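First comes the structure, then the notes that go with it.
Protein chains in written order, with my numbering: chain X, 4 to 118; chain F, 14 to 126.
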């Protein structure tokens, strides 16, 4: 079946521009996560959605970052007034929610480069 | 808060060598533990998992045992191959933390022929 799909796969933009990253989770997965991975580093948690609510926004690095999710479907991560420090791979993951603890299924990421 | 500490890399081994990548954790309650692998140019994939103490996760010749007494989940493989070259991430999900995953910083493994 289809996995987690992210678009675009690569994005190059000038400093100061806004960017919007998209994630299509696996159908039926109610939990959705965004992470940031800087070059050579581990995953940095950004935000978690359960359905279309975000119980945990603690990882968003600044008010330039925001995310939305439509129902239990697509999510968009928006970065306003981009800075060079925002350059990274942005990863989306989804998982089944429930009483158990489910592994996350990752997309291939969006590689964001700020010039 | 929750945390995961992995053995620092990079790790370089010869083909058929024994692999151990150490992982220890701190968490509230009884987390589930995971190893993810990221092959060059690809996204993260689940490698194996264990959801309770003394469980052993295994896949593709890799194994890890959930050790509650030492709060560890070390990854092992008896004989590595060149194709195992990748970055390996240890992670946990704590049921008390709204399902959020906490990842280690990753360990880069290079296997030479």
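All residues carry an ideal CB built from backbone N, CA and C; glycine is no exception. All of these numbers come straight from a predicted model, not from anything done at the bench.
query: Minimum Cβ-Cβ distance from residue 52 of chain X to chain F less than 7 Å; result: no
query: Residue 17 of chain F, buried or exposed, once every other Cβ within 10 Å from all chains shown has been counted against 16; result: buried
query: Chain-ordered residues of the stretch 56-73 of chain F with a beta carbon less than 9 Å from chain X; result: 56, 57, 58, 59, 62, 64
query: Residues bridged to residue 114 of chain X [DSSP beta-bridge criterion]; result: X:13, X:92
query: Cβ separation of residue 93 of chain X and residue 39 of chain X, assumed to be a contact under 8 Å, to the nearest whole Å; result: 6 Å
query: Alpha carbon of residue 75 of chain F to alpha carbon of residue 39 of chain F, nearest angstrom; result: 23 Å
query: Below-7 Å beta-carbon distance, residue 118 of chain F vs any chain X residue; result: yes
query: Any chain X beta carbon closer than 7 Å to residue 113 of chain F; result: yes
query: Buried versus exposed, by CB contacts within 10 Å (16 or more), residue 65 of chain F; result: exposed
query: Supposed close pair residue 53 of chain X, residue 96 of chain X - CB separation, criterion 8 Å; result: Actually they do not touch by this definition, with Cβ atoms about 13 Å apart.
query: Interface partners of residue 93 of chain X on chain F, CB under 9 Å; result: Going along chain F, no residue has its Cβ under 9 Å from residue 93 of chain X, so there is no contact; the nearest lies around 12 Å.
query: Distance between beta carbons of residue 102 of chain F and residue 45 of chain X, contact taken as under 8 Å; result: 7 Å
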